[in-house]
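Numbering (our numbering), first residue to last: 1 to 297. Glycine residues also receive a C-beta, built at the ideal position from the N, C-alpha and C atoms. Since we're looking at a predicted model, the values are computed, not measured. In what follows, a single structure is set out as structure tokens and then discussed.
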Amino acid sequence: MRRLKFLLRPGWVILALLVGAFAYLCFTVLAPWQLGKNSSTSERNDRIAASVDAEQIPIEQLIGEDGAAPEDEWRRVTATGSYVPDSTVLVRLRSVDGEPAYEVLAGFRLVDGHEILVNRGYVKPVDGTRPPEVADPPAGPQTLSGRVRMSEGTVPGKDPVVQDGFRQVYFVDSGQVSQVLGTDLVGGYLQLESDQPGSFEPIALPQLDAGPYLSYGLQWLAFGIMAPLGLAYFVRAEVRERRKERAAAAATSAKQPTEPANEPAVAVAAEPSAPTPPETAESKVAAKLADRYGKHR
């Protein structure tokens, strides 16, 4: 455990927290988000494919007081009744084939008294920004063919506006359009097919492919697994590098001679000198005379 004490340093702690947070998001948010989109797209494609050969039914069989159910979306239906006068609403900031467009909405009163929202199709803007002249839908009894769609919902801050002489919204949402028209529309709406009374250019069906969501979801799962493995790899590499450094330091210490600390200096033996002759009385007198008068030559 002492060899792993470096993991308690701030840099390693922060790295571990970031890797853990990233892996958590991959498994709990990012991967489920993409896999969920893949599931919903596959379900949508199955409903559209099944509706192609399905027989049309009156829309009254699918809607109630709360409107259409999500499982009935994309069903081909017929609606008999009449358009509500002065109920045109434009959907702004739409795009068709990469070009700007306005979608045209209107209210439609069924023979049973329910009112539904109808998407009449799209029109191209004038000068790239302004809506063109939009003809009112025909009056009197009509029978429409189209597909059941669910409301898109709204976003705070994207409120309805009145511009260029038209009531305009940002979303195809029956609840919001109900407030704009001052009427009670059932949930969901009817998207008209081509060549219907009061229709414009029809809204194309989405392509029946699953898209890249499954591969994206699997990639996020892989990233969630790879991130901790990458951290473990760097930890192992750091441990190995530190082990090599300790081994190199130990080898260097073993090669250098050790010097004893605080040892007394070894006295250097003096070279042996010639033996001193024994001192006599004459030699003593001669030494005194030499000291007093100098050495006799």
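Serine 253 sits exposed, since fewer than 16 C-beta atoms from the chains shown fall within 10 Å of its C-beta. In this structure the segment 104-113 does not touch the segment 151-161; the number of beta carbon pairs closer than 8 Å is below three. Residue Ile63 holds the alpha-carbon nearest to the alpha-carbon of leucine 190 among Gly128, Gly113, Tyr213 and Ile63. CA-CA distance, threonine 88 to arginine 130, rounds to 16 Å.
Taking lysine 37 as reference, the option from Gly224, Gly217 and Phe223 with the minimal CA-CA separation is Gly217. Taking 8 Å as the upper bound for CB-CB distance, isoleucine 48 and leucine 208 are in contact here, some 6 Å apart. Secondary structure note for glutamate 201: it is in no beta strand (DSSP E), with a DSSP letter that is neither H nor E. Measuring C-alpha to C-alpha distances from serine 51 to each of Leu30, Gln61, Asp127 and Val77 identifies Val77 as the nearest.
With respect to the C-alpha of valine 148, the residue from Val235, Ile59 and Phe166 having the closest C-alpha is Ile59.
Annotation for proline 202: Gly121, Leu192, Glu193 and Ser194 place their beta carbon closer than 7 Å to its own, counting only its chain and skipping 5 residues before and after. Straight through space, the alpha carbons of aspartate 184 and aspartate 127 are spaced by roughly 35 Å.
Nearest Cα to alanine 69 within the set Ala250, Phe200, Pro206 and Gly188: Gly188. Going by beta carbons, glycine 153 and phenylalanine 171 fall inside the 9 Å limit. Proximity to glycine 146 across Val123, Leu117 and Ser174 peaks at Leu117, based on C-alpha coordinates.
The three-state reading of DSSP puts phenylalanine 223 in helix, counting H, G and I together. The segment 10-26 and the segment 226-233 touch, with three or more beta-carbon pairs separated by less than 8 Å. When the five nearest sequence neighbours on each side are left out, the beta carbons in the same chain lying within less than 8 Å of the beta carbon of proline 100 are those of Leu93, Arg94, Lys124, Pro125, Gly128 and Thr129, in order along the chain.
The Cβ atoms of leucine 110 and alanine 139 do not sit closer than 9 Å to each other. Distance between proline 85 and glutamine 179, taken at the CA atoms: about 16 Å.
Rounded to whole angstroms, the separation of the alpha carbons of glycine 211 and asparagine 45 is 11 Å. Classified as buried, glutamate 73 has 16 or more neighbouring CB atoms from the shown chains inside 10 Å of its CB. For the pair phenylalanine 234 and alanine 249, the Cα-to-Cα distance works out to about 23 Å.
Beta-bridge analysis with DSSP links alanine 69 to no other residue. Judged by DSSP in its simplified three-state form, glycine 64 adopts strand. A residue is called buried when at least 16 other Cβ atoms come within 10 angstroms of its Cβ; phenylalanine 108 meets this threshold and is buried.
Listed as beta-bridge partners of phenylalanine 166 by DSSP are Gln163. Beyond the five residues adjoining it in sequence on each side, isoleucine 57 comes within less than 7 Å, by CB distance, of Val77 in the same chain, given in chain order. Counted as a single uninterrupted DSSP element, the alpha helix (DSSP H) harbouring threonine 41 occupies residues 31-52.
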